[in-house]
Amino acid sequence: MIVSRHSRLDSVTHCLRWVVFVAVALLVNFPILSTVLTSFKTNADINAYPPKWIFSPTLEHYRAVLASPNVNYSHYIMNSIVIATLGTIFAIVLTLPAAYAMVRQGVGRTWLLPIITNLRALPLIIFAIPFYFMYKQVGLLDTRIGLALISCIINIPIALVMFVGFVQDVPRELDDAAKIDGASMWKTLWHVVLPLSRPVMLAVFLLSFIYSWNEFLFGLILTTKSAVPVTVGATFFVTSRGIEWGPTAAAMTIGILPPLILGLFAYPYIGKSMLAGAVKG
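In our numbering, the protein residues as written are 41 to 321.
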């Protein structure tokens with residue numbers, strides 16, 4: 041009897057845990073779920089009161105977004121892919137050698153590393169006006185490369201922290217062995233550290249890509265037509281005649297899919313990489 045009661049109690053506890061988990065997940069993700077549901081509703085269902093939770097889904101808003109003569113949303117998606125990819129690559133190319141120099145040579149570790157990492161805590165709006173006038177002078181307004189450079193700057197702090205933690209975990213004996221074989225610091229970085237850094241590099245790439253994809257402020261300020269990213273393009277369905285709720289929701293749903301998928305894929309790599317070097321400090 042006692043064993044049976046304990047078994048029933050464990051079953052009830054397990055069920056309650058799942059109920060709480062599902063309830064919290066729905067509550068936290070309610071705005072996203074509401075947006076996705078709205079994208080599949082007809083205009084009549086969207087404007088219905090009280091709101092309809094059971095309805096016949098339609099793809100008319102997705103067709104309107106992808107085939108709109110006024111909003112080239114597929115071009116905005118390609119812009120975001122190029123901008124996020126280039127910005128992420130630039131950040132990796134800059135921060136991996138910098139992290140190696142900081143850890144192995146002590147270059148700027150006591151003052152440069154804290155300054156760079158603290159830049160991420162500053163509100164990005166304070167950089168908007170200086171970058172606008174600077175880009176206007178050099179002809180980088182409304183260009184993919186201009187936004188890619190911004191994405192690189194935004195991603196440098198988190199990429200540098202992750203690479204510093206990784207290099208701390210690389211045994212110095214490997215560097216010493218490379219020196220004995222006559223390898224320079226650059227050759228050691230290229231032939232020893234770089235091959236070992238692939239897991240953390242993947243995590244940095246995925247995380248930086250997500251941050252770059254979600255960037256809205258500079259895309260709004262520094263672009264007008266040619267280099268408009270998907271985050272800004274989704275707002276073009278908010279017109280002077282009113283808000284086109286269906287197409288706006290469909291555009292937002294399309295826009296969140298890449299970072300959502302990458303976030304789920306990157307989670308195990310990012311967790312390990314963020315803890316790299318935590319024990320050694």
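C-beta atoms are modelled at their ideal positions from N, C-alpha and C, and glycine is treated no differently. Given the structure is predicted, the values throughout are model-derived calculations rather than measurements.
My understanding is that residue i touches residue j, with C-beta atoms under 8 angstroms, so please give their C-beta distance in whole angstroms.
i                 : j              : result
valine 244        : alanine 199    : 5 angstroms
asparagine 195    : glycine 273    : Not quite, the Cβ-Cβ distance comes to about 21 angstroms (not below 8 angstroms), so this is no contact.
serine 191        : isoleucine 123 : 6 angstroms
threonine 271     : glycine 259    : 6 angstroms
valine 204        : leucine 153    : 7 angstroms
phenylalanine 249 : leucine 302    : 6 angstroms
aspartate 182     : leucine 262    : 7 angstroms
alanine 290       : histidine 101  : 4 angstroms
Measure from the alpha carbon of residue i to the alpha carbon of each residue in the options, then state which is nearest.
i              : options                           : result
threonine 125  : Gln145, Ala291, Val52 and Arg184  : Arg184
serine 74      : Ala306, Val62, Leu302 and Thr293  : Thr293
aspartate 215  : His54, Gln145, Ile155 and Phe276  : Gln145
leucine 323    : Leu300, Thr275, Phe256 and Gln208 : Nothing in the structure corresponds to residue 323, since the chain is present only between 41 and 321.
isoleucine 156 : Met174, Thr135 and Phe171         : Thr135
serine 96      : Ser79, Arg103 and Arg212          : Ser79
tryptophan 93  : Glu255, Tyr113, Val105 and Phe70  : Phe70
alanine 217    : Asp209, Thr228 and Val278         : Thr228
valine 210     : Ile166, Val240, Thr53 and Gly282  : Val240
asparagine 254 : Val64, Ile86, Pro90 and Ile117    : Ile117
serine 120     : Pro269, Ile132 and Gly179         : Pro269
In this structure, what does DSSP give as the bridge partners for residue i?
i           : result
valine 68   : For valine 68, which the question treats as bridged, DSSP gives no partner whatsoever.
glycine 282 : Thr279
So is the beta-carbon of residue i under 7 angstroms away from any non-hydrogen atom of the ligand NAD?
i           : result
proline 137 : Among the components modelled here there is no ligand, and therefore nothing to report on the ligand NAD.
- Entirely enclosed alpha helix (DSSP H) segments - the region 140-209, minimum 4 residues: 152-159, 165-178 and 184-209
- Counting pairs of beta carbons, one from the region 134-147 and one from the region 231-243, are three or more of them closer than 8 angstroms? yes
- Query: For the region 146-165 against the region 209-229, are there 3 or more C-beta pairs whose distance is under 8 angstroms?
  - Reply: no
- Message: Quick check on the DSSP output: what are the complete alpha helix (DSSP H) runs of length 4 or more inside the region 61-105, in order along the chain?
- Response: 70-79 and 83-86
- Query: Do three or more CB pairs link the region 170-183 to the region 107-116 at distances below 8 angstroms?
  - Reply: no
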